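In the UniProt record's numbering, the protein residues as written are 1 to 134. In this text, a Cβ means the ideal position worked out from N, Cα and C, and glycines have one as well. This one's a predicted model, so the numbers in the text were calculated from it and none came from an experiment.
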């Protein structure tokens, strides 16, 4: 009996990679750490922050405003920041904030904001929350 090699269908490796990165991104937004830690250097580890932290609130407000600006919303359809539900951070070339927030339309959103060493924010992602859990 001989075993015949059957190659995978074309493009299946791309599907695997996209699923892998989706799971990795979801993991970043939902890190479960028992205590909320103060802002100290953790060497690239993802840690949970206090949602009432001033920098966290500033990053979340920037995310909502930058989203309004990039999507070209008029005054009637503009989102306004309401509250942070969960925020995680990772120190890489500054600080990356992974924020789950609620906006004025009562919907939940996820944002990734980079806070650089030059004290500027950069919105890297803003989308409706994929699987929000409190």
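Exercise. How many Å lie between residue 125 and residue 110 at the Cα?
Worked result: The straight-line gap from Cα to Cα measures roughly 8 Å.
Problem set entry | Where residue 35 falls: helix, strand or coil (DSSP) | Because the pLDDT of residue 35 is 49, which lies under 50, any placement of that residue in the model is unreliable, and the number read from its coordinates should be weighed accordingly. Residue state, collapsed to three classes: coil.
Problem set entry | Contact set for residue 118: own chain, Cβ-Cβ below 6 Å, skip 5 residues either direction | Correct list: empty, nothing qualifies.
Problem set entry | Where residue 45 falls, given that 16 or more other Cβ within 10 Å makes a residue buried | Flag for residue 45 reads exposed.
Exercise. How is residue 81 classed by DSSP in three states: helix, strand or coil?
Worked result: DSSP, reduced to helix, strand and coil, places residue 81 within a strand of the structure shown.
Exercise. For residue 108, does the three-state DSSP call read helix, strand or coil?
Worked result: Here residue 108 sits in strand by DSSP.
For this session: Tell me where the beta strand (DSSP E) around residue 57 begins and ends.
Result: First-last for residue 57: 54-71, but that is the alpha helix (DSSP H), not the beta strand (DSSP E).
Problem set entry | Pairwise C-alpha distance: residue 88 and residue 34 | Note that residue 34 scores 48 on pLDDT, short of 50, meaning its location in the model is unreliable; the coordinates nonetheless yield the value given after this. Cα to Cα, the separation comes out at about 13 Å.
Problem set entry | Cβ-based burial, residue 95 [other Cβ within 10 Å; buried from 16] | When all chains shown are included, residue 95 counts as buried.
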